[in-house]
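Undergrad: One rule links them: number in the numbering used here = place in the sequence shown (from 1) + 1282. Using N, Cα and C, we set each Cβ at its ideal position, and we do this for glycine too. All of these numbers come straight from a predicted model, not from anything done at the bench.
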Amino acid sequence: MDINHDAQEGLQLCGESVRIPEKSFKKLVEITFDIILGKKDETSFDASNTLDSVNPGTLKEAYYGLVTLVIEAVKTDSSLTDISSYLEECKWDSDRIEYLNKVFSGTRPDIQALLSSTRTVFPHIVDVDWRLDYYVKNKYLDKVNKPTYLISLKTEESNKNGYSDVEFSCSMEQLQDLVGKLKDACKSLEKASQM
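#1: On the DSSP bridge list, what partners appear for THR1332?
#2: Return the CA-CA distance between SER1398 and MET1477, expressed in angstroms with no decimal places.
#3: Per the contact definition of three or more C-beta pairs closer than 8 angstroms, is the segment 1408-1419 in contact with the segment 1372-1383?
#4: Less than 8 angstroms between C-beta atoms, sequence neighbours within five positions excluded: which residues of the same chain meet that for ASP1392?
#5: Look up TYR1381 in the DSSP assignment and say whether it is helix, strand or coil.
#6: Starting from PHE1450, trace the alpha helix (DSSP H) in both directions and tell me its first and last residue.
#7: So, for LEU1479: in the same chain, excluding its five sequence neighbours on each side, which residues have a beta-carbon less than 6 angstroms away from its beta-carbon?
#8: In the DSSP assignment, find the unbroken alpha helix (DSSP H) run with TYR1346 in it and report its ends.
#9: For TYR1445, I'd like the list of residues in its chain whose CB is within less than 6 angstroms of its CB, leaving aside the five on either flank, ordered along the chain.
#10: From LYS1425 to VAL1418, what does the alpha carbon distance come to, in whole angstroms?
#11: Can you tell me where the alpha helix (DSSP H) with VAL1410 in it begins and where it stops?
#12: Compare the Cα-Cα distances from VAL1311 to each of CYS1296, ASP1459 and VAL1300 and report the closest residue.
#13: Since GLU1438 sits in a beta bridge, which residues does DSSP pair it with?
#14: Please list the terminal residues of the continuous alpha helix (DSSP H) segment that includes VAL1311.
#15: Would you report the Cα separation of VAL1356 and ASN1383, rounded to the nearest angstrom?
#16: Can the beta-carbon of LEU1362 be found less than 9 angstroms from the beta-carbon of PHE1386?
#17: For VAL1300, which of GLU1324, GLN1290, ASP1459 and ASN1337 has the nearest alpha-carbon?
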């Protein structure tokens, strides 16, 4: 595993029972895994009375080390033996290693699924609704006499259920410009896919 020096120091702090007592250690591990899985956020540290006895700086470093270890272990598909030997190098006792391995093996599939689905997905346009409005006048001018198109693009993201709407209004010239740019984008995509 490729863990940087700062994270390694955090893991060494996490292994010291003088700085992080056993009860606080278990709570720290539990909260860390819940944060990684998105069940909780960092405010959980403030809400936990068990962690009050731990120095905030030590807690922050230990949390950083644990998160780095877990993500790196999942990313490199490290075995529990690899993790155990690494933690022994960080001077962890066998009870802490065993507890972390138990929690890690129980949540590993969920973390792997979460990491495999972490990517940027742009919304896809699946439908378009439009309406033509004609402004005769507004509060600033007596006569406007211009058509305005109200357009609603229905979009879908692959990582979310349901649809969302993108709504905007534009003039005839702006609509023609949009259509031209969309045609150019389609041509560019066709060329790129043929290469």
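TA: According to the structure data:
#1: BP columns for THR1332 are empty, so no partner.
#2: 28 angstroms
#3: no
#4: LEU1319
#5: If DSSP states are grouped into helix, strand and coil, TYR1381 belongs with the helices.
#6: That residue, PHE1450, is in no alpha helix (DSSP H); its beta strand (DSSP E) goes 1445-1452.
#7: This structure cannot settle anything about residue 1479, because the visible part of the chain is limited to 1283 through 1477.
#8: 1338-1357
#9: LYS1436 and GLU1438
#10: 6 angstroms
#11: Unbroken run through VAL1410 is the beta strand (DSSP E), 1406-1417; no alpha helix (DSSP H).
#12: CYS1296
#13: HIS1406 and TYR1445
#14: 1304-1318
#15: 12 angstroms
#16: yes
#17: ASN1337
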